[in-house]
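Colleague:
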Amino acid sequence: MGSRATNDVGSSKEPTAPGASTATAHSAPGPHASASIVEIADWRSFIVAGPSGVRTARHTVPPSTRAVGSPVPRIRGKIVRRRSTGCCSSIRRTVMAPLSVRSFAMSTVYDLSFDQLAERLASWGEPSFRARQVWTQLWKRGATYEEMSDVSPALRERLTGALPIGVELLDERTADRGATRKALLRLGGTHVIEAVLMGYRDRVTVCVSSQAGCAMGCTFCATGQMGLRNNLTVGEIASQVVWGRREAGRLPAATPQRLSNVVFMGMGEPLANERHVFGALAKLTQRDGFGMGARHLTVSTVGIAPGIRRLAYAHPQVGLAVSFHAASDELRDQIVPPNHRYPLAAVEEAIAAWRSATRRRPSIEWALIDHVNDTVEQAELLAPIARRLHAHVNLIPLNPTPGYPVVGSPPARIRTFVTALERAGVNVTVRDTRGRDIDAACGQLALSAVGR
Ligand code: SF4
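Per this note's numbering, the sequence shown starts with residue 2, numbered consecutively.
1) Quick check on the DSSP output: the beta strand (DSSP E) that includes S324 runs from which residue to which?
2) Using a threshold of 8 angstroms, is the CB atom of G269 nearer than that to any non-hydrogen atom of the ligand SF4?
3) I'd like to know whether the C-beta atoms of I365 and A351 end up nearer to each other than 9 angstroms.
4) In the DSSP output, which residue or residues are listed as bridge partners for V197?
5) Leaving aside the five residues before and after T434 along the sequence, list all residues of the same chain whose C-beta is less than 8 angstroms from its C-beta, in chain order.
6) Kindly list the residues whose CB is nearer than 6 angstroms to the CB of A213, restricted to its own chain and excluding five residues on each side of it in sequence; keep chain order.
7) With C-beta atoms as the reference, is S326 less than 9 angstroms away from N374?
8) If you scan the stretch 224 to 252 from start to end, which runs of the alpha helix (DSSP H) of 4 or more residues do you find wholly inside it?
9) Have a look at A358 and Y314 and give me their C-alpha separation to the nearest angstrom.
10) Bridge partners of V168, per DSSP?
11) Mind checking whether the beta-carbon of S324 lies closer than 8 angstroms to any heavy atom of the ligand SF4?
12) Can you tell which of G236, R182, L312 and A119 has the C-alpha that lies nearest to the C-alpha of P190?
13) Is M149 near the ligand SF4, with its Cβ less than 8 angstroms from a heavy atom?
14) Where does S357 sit, in a helix, a strand or coil, going by DSSP?
15) Check for me: the alpha helix (DSSP H) holding E275 runs from which residue to which?
16) Straight-line CA distance for V301 to W367?
17) Give the range of the beta strand (DSSP E) segment to which F456 is assigned.
18) In the structure shown, what three-state DSSP assignment does R362 receive?
19) Any chance the CB of G236 is under 8 angstroms from a heavy atom of the ligand SF4?
20) So, using beta-carbon positions, are T109 and A180 closer together than 9 angstroms?
21) Which residue's Cα is closest to the Cα of D116: G290, E423 and V377?
22) Examine the ligand SF4 and report whether any of its heavy atoms sits within less than 8 angstroms of the Cβ of G409.
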């Protein structure tokens with residue numbers, strides 16, 4: 002109780018645990034013996050100490066247990082579903098489930114360091130060179146145990162049982178004539194997440210998830226509709242990139258067929274699972290491991306200001322993309338709930354600090370939503386922010402999600418928005434929407450697989 006978790010979304014100056022006057026705990030039914038239901042009084046309750054003193058995270062509750070009577074939020078007259086999972090949502094009843102138990106568990110062999118793997122193999126009586134052999138096959142080739150022909154069948158069987166690879170392909174969709182592959186993966190035998198591989202003429206990018214679900218509650222996002230199920234471990238995050246390296250070879254010949262970039266833009270808010278994301282960045286850039294250049298990695302955040310500052314010092318070579326989606330606090334409060342905690346001024350300040358520490362150019366991401374954030378007024382508010390930050394603005398028309406009643410902007414509105422930015426001297430690119438016909442919105446495939 003009271004000790005600070007590094008994967009917290011709060012500022013380092015803020016307390017993590019609610020006082021007795023702000024939270025009321027009840028026994029929770031169901032499988033989590035140590036779980037509680039807590040009436041959240043403010044954002045500080047986002048991570049609290051559970052009954053046994055372990056860190057806990059908020060989970061979604063069934064609709065029948067949600068608070069009622071809150072005003073129905075609307076944008077331009079359209080009803081926007083409020084998420085009980087939003088970190089600043091006014092719906093306060095949430096289920097608390099132990100997070101630390103899984104956070105510190107090994108769910109895949111990719112969670113192990115080389116020394117841990119070597120120690121385990123030595124304890125099985127294997128010669129010292131075996132660890133390097135298995136390590137190289139796992140990280141450089143992305144090989145499964147069955148594919149390790151230089152390892153004896155008996156050891157392969159033992160490895161499979163004791164140190165599972167823990168990446169199971171449940172479903173796969175392809176689009177853009179095979180250049181986009183979206184995989185539904187079960188990681189560590191438990192968590193269903195998405196990873197997307199995108200082949201371009203000059204590069205191959207894998208988009209990975211950092212959490213199963215997400216607690217941020219952005220109104221237009223399919224992952225936000227799931228709520229937070231759990232943080233992914235270091236190995237679970239890294240194993241998606243290994244999957245990407247394997248699959249890159251199956252992309253069409255018009256692409257380089259070789260993984261070149263990694264973006265943390267899949268399910269979850271990376272800086273709300275900071276410790277494991279930073280651990281994955283370290284593993285992926287480890288020279289004798291996966292060996293990827295840090296400049297080919299980009300972390301995308303909704304604007305967790307303290308995490309942005311820490312990223313600058315922990316991984317200064319890693320790129321930063323910040324999802325703005327709105328350039329006024331009034332609108333951003335509505336569609337990106339974490340804005341209540343980290344308003345635009347705080348986010349801009351953190352990005353400026355990141356930029357001065359890393360001397361790199363940040364990106365501003367903006368999902369264009371028809372008649373919501375694609376107005377000239379929003380473009381004119383965004384322009385000075387982008388100019389001050391020397392940021393590149395990436396626009397992408399919103400991929401429709403079932404739970405959000407609006408759609409991406411049509412071409413004419415996109416053109417007007419782009420013109421307004423360019424006239425104001427902002428560097429802007431309209432990104433193509435990959436795989437619209439394969440449930441392209443982030444989390445949409447996983448949402449249909451696991452249900453709400
Ligand atoms: S947009 Fe990103 S931060 Fe927002 S709910 Fe979706 S996954 Fe979470």
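Note that beta-carbon positions come from the ideal geometry of N, C-alpha and C, so glycine has one too.
Modeller: For this structure:
1) Per DSSP, S324 belongs to the beta strand (DSSP E) from G320 to S324.
2) At least one heavy atom of the ligand SF4 lies less than 8 angstroms from the C-beta of G269.
3) No, Cβ-Cβ distance for I365 and A351 is not below 9 angstroms.
4) The partner list for V197 (beta bridge, DSSP) reads K183 and C208.
5) Cβ within range, chain order: I397, P398, N400, G409 and A441.
6) Residues H192, I194, R230 and N231 of the same chain have their beta carbon placed closer than 6 angstroms to that of A213, with the five preceding and five following residues left out of the count.
7) Going by the sequence as given, residue 326 is His instead of Ser. Taking a C-beta distance under 9 angstroms as the contact criterion, H326 and N374 qualify as a contact pair.
8) Entirely contained in the stretch 224 to 252, the alpha helix (DSSP H) runs reaching 4 residues are, in chain order, 235 to 249.
9) The straight-line gap from Cα to Cα measures roughly 7 angstroms.
10) L188, per the DSSP bridge assignment.
11) Answer for S324: yes, Cβ within range of the ligand SF4.
12) The question names Pro, yet the displayed sequence has Gly at residue 190. With distances taken between Cα atoms, G190 lies closest to G236.
13) Shortest gap from the CB of M149 to any heavy atom of the ligand SF4: 8 angstroms or more.
14) Under the three-state reduction of DSSP, S357 is assigned to helix.
15) E275 to T286 is the extent of the alpha helix (DSSP H) around E275.
16) It should be pointed out that residue 301 corresponds to Ser in this sequence rather than to Val. Using only the alpha carbons, I get a separation of about 12 angstroms.
17) No answer is possible for residue 456: the residues shown for the chain start at 2 and end at 453.
18) Coil, per DSSP.
19) A distance criterion of 8 angstroms places the beta-carbon of G236 beyond contact range of the ligand SF4, judged by its closest non-hydrogen atom.
20) No.
21) Of G290, E423 and V377, the residue nearest in Cα terms is G290.
22) Not under cutoff, so the answer is no.
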